[in-house]
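Counted the way this note's numbering counts, the sequence shown spans residues -18 to 287. In this text, a Cβ means the ideal position worked out from N, Cα and C, and glycines have one as well. As the structure is a computational prediction, the values presented were derived from the model and not from experiment.
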Amino acid sequence: MMPPTPAQNGESPGSLAGRDADLQQMLTPEQRQQWQRDGYLVLPGFKPAAEVAAACARARALVEAFEPDASTSRFSTQDRSKLADAALLASAEQVRCFFEEEALDEAGRLRVPKAESINKIGHALHERDPVFTAFSHGPELAALARDLGLVQPQVWQSQIIFKQPRIGGVVDWHQDGSFFVTTPQTVTTFWFALEDATLDNGCLWVKPGGQRDALREQYVCDHATGTLSMRPLDRTPWPTTEGSVPLPAAAGTLVVFGGLLPHYSAPNRSARSRLAYTLHATCGTAAYAPENWLQRSPGFPVRGFL
Ligand SMILES: O=C(O)CCC(=O)C(=O)O
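What follows is the structure, given as structure tokens:
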């Protein structure tokens, strides 16, 4: 799929240039240097407490309103081939809940209260849900994206990630570029802590400088059959916690990183949840791979932060 032109994106090239010029600079020269050197930035207090509280309340309300049925998928953070189902592909344009792997027993019955059973909700909250639409757009995010080098940003995906107390699963080392292949590589992750993320409840870990690694694998979708698979590309070993750094983050912190930066998060065996919200955006000027699982139909075009 070719990337949408600015006109398909609902914005004319002229208005984009004009809007960009109006945006404040968000990053200091030191932060720009760190972005180039390390491949990630931690921005404490990016979101005001009231917005964070509204997002948390909305996340809990979505779970409360959720009626599980036999078609509800588990999200395995380790074996992504288990996601090869219609629910994942349908969630590209909808708001769907996915169970934590350990939330269900052998017979598929809930082992924990529903409120603690959800691994994540995705993947079009930023378009379909009014609270998360407001959270995901605005001049601060647009200015930050511009400062990070995103040209004509296209926000493809949003996820609420719960990391539930005691059963929150590991998210193995990976690069987000595997899931949003563009030429050139442009995908950028915006990871918001909605609750305090600590070493105990499964904060992110990253490999500083790992944005210079090659892309190790590509998550490929055969859209004709709805089949998903991981294609190996490069044999560079994944990092370990030695040589990488944890990123504890207080609620309201935004962590940003590029698509080649390896990152992981440990299981949450603590009694505290670790709620986060993520957005993934690419440059509208880059070619978006037709094999990416997440595609949009013509009636639901991808758009930017404004
Ligand atoms: O929130 C987490 O634990 C992992 C998130 C992540 O890996 C991602 O957004 O790519």
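Excluding the five sequence neighbours on either side, which residues of its own chain have a C-beta within less than 6 Å of the C-beta of residue i, listed in chain order?
i	result
ASP177	ALA231, ALA232
ASP181	SER251
ARG109	VAL76
LEU122	PHE286
PHE160	TYR200
Nearest to residue i by CA position, among the options, is which residue?
i	options	result
LEU69	ALA84, LEU275, ARG284, ALA96	LEU275
PRO227	ARG90, PRO243, ARG212, SER159	PRO243
LEU4	LEU175, ALA126, TRP219, GLY224	ALA126
HIS204	LEU287, GLN140, ALA124, ALA67	ALA67
LEU209	LEU185, ASN273, ARG216	ASN273
PRO29	GLN14, PHE160, THR9, PHE173	PHE173
Please confirm whether residue i and residue j have their CB atoms less than 7 Å apart.
i	j	result
PRO165	SER254	no
PHE171	VAL93	no
ASP153	TYR245	yes
ALA73	HIS104	yes
THR179	PRO229	yes
THR163	TYR269	yes
LYS95	ILE142	no
ALA88	MET7	no
VAL33	LEU175	yes
Residues in the same chain with beta-carbon distance under 7 Å from residue i, minus the five sequence neighbours each way, listed in chain order, please.
i	result
VAL112	ALA35, ALA36, ARG39
LEU129	TRP16, THR169, VAL237
ASP19	PRO189, GLY190
GLY183	LYS144, GLY149, SER246, ALA247, PRO248, ASN249, ARG255
VAL23	LEU228, ALA230, THR234, VAL236
Going by beta carbon distance, what residues of the same chain come within less than 8 Å of residue i, once the five residues before and after it are set aside?
i	result
LEU91	PRO49, ALA84, LEU85, SER98
LEU320	Look at the range of the chain in this structure, -18 to 287, and you will see that residue 320 is not part of it.
PRO25	ALA230, ALA231, GLY233, THR234
GLU11	none
Alpha carbon to alpha carbon, what distance is there between residue j and residue i?
i	j	result
LYS63	ALA42	Residue confidence for LYS63 is low, a pLDDT of 47 falling below 50, so the modelled location carries little weight and cannot support an answer.
THR222	HIS261	24 Å
VAL44	HIS107	17 Å
ARG193	TRP137	23 Å
VAL187	SER225	5 Å
PHE47	ARG77	9 Å
SER139	TYR258	7 Å
GLY335	SER278	Nothing in the structure corresponds to residue 335, since the chain is present only between -18 and 287.
VAL201	GLY239	20 Å
VAL283	MET211	24 Å
PHE27	GLY280	32 Å
HIS155	ALA31	32 Å
ARG13	ARG216	30 Å
LEU356	THR9	Nothing can be reported for residue 356, as the shown portion of the chain is limited to -18 through 287.
PRO220	TYR21	16 Å
Would the beta-carbon of residue i be found less than 6 Å away from any heavy atom of ligand 2?
i	result
ASP157	Absence of ligand 2 from the depicted structure is noted, with ligand 1 being the only ligands included.
Does the CB of residue i have a neighbour CB from chain D at under 7 Å?
i	result
SER254	Although the question refers to chain D, the structure presented lacks it and comprises just one protein chain.
Original post:
Is it a yes or a no for the stretch 259 to 274 touching the stretch 123 to 141, going by three-plus beta-carbon pairs under 8 Å?
Top reply: yes
Original post:
On the three-pair Cβ rule with 8 Å, is the stretch 113 to 120 touching the stretch 241 to 255?
Top reply: no
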